[in-house]
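Notes follow the structure.
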Amino acid sequence: MTKTAPQKTKFRRENPEQRREQLIEATLRVIARKGVMGATVREISAEAGVAFSLIRHHFNTKEDLMYAAYAHHMQRMAQLSLASAGDSDRSPIDRMRQCIHDTLSLPVTKSESLQIWAGFIQMVPHDARMKQIHIDTYLGFRATLETLIKDALLAADSHSTPDQIEAKAIACNAVLDGLWLEGSMLPDMLPPAQLIEIAETTIMGIIGPHSDT
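Final position of the sequence shown in my numbering is 564; the numbers increase by one with none missing.
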C-alpha cells in the first residue's frame with residue numbers, strides 16, 4: 352500500500368497591524384478585569400496567547416503598548432458615539448439626537464468600557480503622552496459637536512459666533528460625559544432611556560431656540 356506523505360500544516364502569518372491590534376485588545380481586556388496596575392506583560396501575553404518577546408517585537412516598551420491601548424480605546428468610543436455624525440441624508444438635529452442615543456447606550460456604556468477608562472484616566476494628569484492622547488480625543492469629539500451645532504443653527508436660520516459655538520460644544524460635551532459616566536456606573540438606577548431624554552432636553556436648550564425643529 353502506498354503511503355501518502357503527511358501534509359505540512361499551513362500557518363497564516365498575520366500582518367504587523369493585525370498583530371498589534373490583537374495585543375492592544377488583549378491589553379484592554381486585562382485592564383477591564385484587573386486594572387492598569389494588574390496589566391503586566393505576563394498577563395497580557397497570556398491573554399493574547401503569545402510569548403513575551405512578541406510584545407517587545409511590536410512595542411518598544413510596555414508604556415508604548417499602554418499609550419496605544421488608551422488611544423485605541425478612546426478613538427473607538429468616539430467613533431461609536433459619532434457613527435451617524437456625518438450622515439448627510441439626515442438633518443443636523445437628527446444626527447445630534449443619534450449621537451446622544453449612541454453615547455448613552457450600549458456598547459458605549461458597557462461596564463468594561465468604564466473600567467478601562469477609569470484605569471487610564473488616573474494616569475492622564477501625571478503622564479504627558481497620556482494627557483496628549485486625552486486632549487487629542489477630546490478636541491476631535493468636540494470639533495464634531497461644533498460642526499453639528501453650527502449646522503443645526505444654520506438649518507434653523509439662527510447664527511452664533513465661533514466662540515459661542517465652541518462654548519456650546521464644551522457644554523454639550525460636558526453633559527454627555529457626565530451622563531455617560533453615571534449611566535455606565537449605575538445602569539439599574541439610571542436607565543438609558545431616561546438619560547437620553549435628559550440629554551436631549553438639556554442639549555437642545557444649550558444649542559438654542561428653534562434648534563429642535
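Every residue, glycine too, gets a C-beta built ideally from N, C-alpha and C.
Which listed residue (the options) has its alpha carbon closest to that of residue i
i, options, result
"Ser-435", "Pro-513, Phe-492, Ile-516", "Phe-492"
"Ala-503", "Gly-556, Gly-386, Val-392", "Gly-556"
"Arg-446", "Val-381, Cys-523, Ile-558, Leu-499", "Leu-499"
"Pro-458", "Leu-431, Asn-524, Arg-393, Ile-382", "Leu-431"
"Tyr-489", "Leu-433, Lys-385, Ala-399", "Leu-433"
"Ala-469", "Glu-372, Trp-531, Pro-367", "Trp-531"
"Ala-429", "Gln-515, Leu-505, Asp-487", "Asp-487"
"Val-401", "Lys-385, Gln-373, Gly-386, Arg-427", "Gln-373"
"Asn-366", "His-408, Thr-412, Glu-398", "His-408"
"Gln-473", "Ala-522, Gly-386, Ala-397", "Gly-386"
Backbone CA spacing between residue i and residue j [nearest angstrom]
i, j, result
"Gln-369", "Glu-376", "11 Å"
"His-510", "Lys-501", "8 Å"
"Thr-552", "Glu-517", "19 Å"
"Asp-453", "Ala-420", "22 Å"
"Val-392", "Leu-416", "10 Å"
"Ala-356", "Phe-410", "For Ala-356, the predicted structure reports a pLDDT of 45, less than 50, and the residue's modelled location is therefore unreliable. The matter cannot be settled from this model."
"Ala-390", "Gln-545", "35 Å"
"Glu-398", "Arg-384", "11 Å"
"Arg-565", "Arg-371", "There is simply no residue 565 to check, as the chain begins at 352 and stops at 564 in what is shown."
"Lys-361", "Asp-514", "Caution applies to Lys-361, whose pLDDT of 39 falls short of 50 and renders its modelled position unreliable; the model cannot decide the point."
Buried or exposed by the 16-neighbour rule on C-beta atoms within 10 Å, applied to residue i
i, result
"Glu-497", "buried"
"His-477", "exposed"
"Glu-548", "exposed"
"Glu-414", "exposed"
"Phe-403", "exposed"
"Met-388", "exposed"
"Thr-378", "buried"
"Arg-448", "buried"
"Ala-422", "buried"
Short Cβ contact (9 Å threshold) for residue i with residue j
i, j, result
"His-424", "Ile-395", "no"
"Ser-462", "Pro-543", "no"
"Leu-527", "Ala-494", "no"
"Phe-471", "Ile-558", "no"
"Ile-554", "Ile-406", "no"
"Ser-442", "Ala-506", "yes"
"Leu-465", "Met-536", "yes"
Own chain partners of residue i with C-beta closer than 7 Å, once the 5 adjacent residues on each side are dropped
i, result
"Arg-480", "Tyr-418"
"Val-475", "Met-481, Lys-482, His-485"
"Ala-520", "Arg-493, Leu-496, Glu-497, Ile-500"
Own chain, CB closer than 6 Å to residue i, minus 5 neighbours either side, in chain order
i, result
"Leu-541", "Glu-533, Gly-534"
"Thr-460", "Gly-534, Ser-535"
"Ile-444", "Ala-503"
Distance cut-off 8 Å: residue i Cβ against heavy atoms of the ligand HEM
i, result
"Ile-451", "The ligand content of the structure shown is nil, which means the ligand HEM is not present either."
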